[in-house]
Amino acid sequence: MRATRRRPRKADPLASQASVRYVFERLRSALPDNIPKNDEELVRLLRAARHAQRYPATATKRGRPGKWKREELLRVVTHLGAILDRETSSQISFASFVDHYLRLIDFPSDVIEVLESGDLNLFEAEQLARVTAGRLGVSPRQAKRTRSVLLSSHMQTKASGERLRQRVNELLRASSAEAGETSGKLDTELEDLEDFDPYDSTHLFWEQLKQLGFAFREIRRDDVTDEEIEELLKASEPILAILNRIQRRREQMKVIRVKL
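Here it is, written out as structure tokens:
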């Protein structure tokens, strides 16, 4: 069941434009010959590096050749990951930084203001930033007024970030319907924002699980030694025990629901 009430939040060390640009400068210092001086070009580089990290080499060779070599992109992943580990005590990964923190560079100024004041966390700010003049089909002033109303209601009711996301979705669907657009685009356009909380252990779990899936998909039988197979089997035993416990609990809950 999704939470509908606002949870206590930890301070986010990167939830400001200044912090993101500070990370940019640290990266430029670490790789002066590889990192563009222009922030827009750097964002493109980081998104390309995220693509290289997410997909195996065979997948990244499809289509047009990229602007940067894969080895160069993976070097950026390594260095930025190390910077984030130091700056956030390993709480924010390279993937989370690129998928979410880069977005706040383009947030409206009023959203940045409440984010940096600590009144909103990054997930909530991402939802509010989706309410733009272009999506609503109104003037920038009207869009800002709409964001203000949403924010005021959100703070007064102390609702969860998930509830704010739902309200924004409803608002954008209504605007799309009036403009004759399909709602499917809105459902998938920002799916990366779903349930994001950099300090939520479930977010970190699913991110690691996704990385494991990519790794296992590429491994062939000849790639693994007998010793590594033994290590993997030992490492998987406690994980399988936890998964079996979860499965038994799910089955018990199904029985309880049937009886009710």
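Residue numbers 1 to 260, in our numbering, belong to the letters of the sequence shown in order.
All C-beta atoms, glycine included, are put in the ideal place defined by N, C-alpha and C.
Backbone CA spacing between residue i and residue j [nearest angstrom]
i	j	result
Asp195	Leu150	Any reading at Asp195 needs caution, since the residue's pLDDT is 46, under 50, leaving its predicted position unreliable; the model's value is listed next. Spanning the two alpha carbons is a distance of roughly 19 Å.
Met1	Lys37	In this prediction, Met1 has a pLDDT of 42, which is less than 50 and means its spatial position is unreliable; what the coordinates show is noted afterwards. Taking the straight line from one Cα to the other gives about 45 Å.
Glu231	Arg135	51 Å
Leu264	Glu116	The chain is shown from 1 up to 260; residue 264 falls before or after that span and cannot be answered.
Ser236	Leu243	10 Å
Asp39	Ser175	32 Å
Glu170	Ser153	15 Å
Glu191	Arg165	Confidence in Glu191 is poor, its pLDDT being 46 and thus under 50, which makes the residue's placement too unreliable to answer from.
Ala177	Gly137	11 Å
Lys185	Ile229	A caution first: Lys185 carries a pLDDT of 48, below 50, which makes its placement in the model too unreliable to give a value.
Pro13	Val20	10 Å
Val255	Arg248	11 Å
Arg173	Phe123	20 Å
Glu25	Ser16	15 Å
Leu74	Gln252	45 Å
His100	Phe216	26 Å
Pro32	Ile92	23 Å
Asp222	Ile112	51 Å
Glu71	Arg54	14 Å
Tyr22	Leu212	31 Å
Counted within 10 angstroms of its Cβ, other Cβ atoms place residue i as buried (16 or more) or exposed
i	result
Leu240	exposed
Val224	exposed
Gln139	Contrary to the premise, residue 139 reads as Ser rather than Gln in this sequence. That one is exposed.
Gly118	exposed
Ser96	buried
Ala57	exposed
Arg250	exposed
Arg163	buried
Arg245	exposed
Leu42	buried
Ile219	exposed
Cβ-Cβ distance between residue i and residue j below 8 Å
i	j	result
Phe94	Val77	yes
Leu46	Leu104	no
Val98	Val131	no
Ile83	Ala18	no
Asn121	Gly66	no
Ala35	Arg28	Reading the sequence as shown, one finds Ile at residue 35 and not Ala. Cβ distance < 8 Å, so Ile35 and Arg28 count as in contact.
The ligand SAH heavy atom lying under 7 Å from the CB of residue i
i	result
Arg44	In terms of ligand content, the structure shown is empty, and the ligand SAH therefore cannot be addressed.
Would you mind listing the alpha helix (DSSP H) stretches within the region 104-189 that are 4+ residues and don't spill past its ends, in chain order? 109-117, 122-129, 133-136, 140-157, 161-179, 184-189
Can at least three beta-carbon pairs, one atom from the region 157-177 and one from the region 42-57, be found at a separation below 8 Å? no
Across the region 137-151 and the region 104-114, are there enough close Cβ pairs to call them in contact, namely three or more that are closer than 8 Å? yes
Quick one: any contact between the region 118-130 and the region 72-90, if contact means 3 or more CB pairs under 8 Å? no
Ignoring anything shorter than 4 residues or poking outside the region 15-76, list the alpha helix (DSSP H) runs there in chain order. 17-30, 39-54, 57-60
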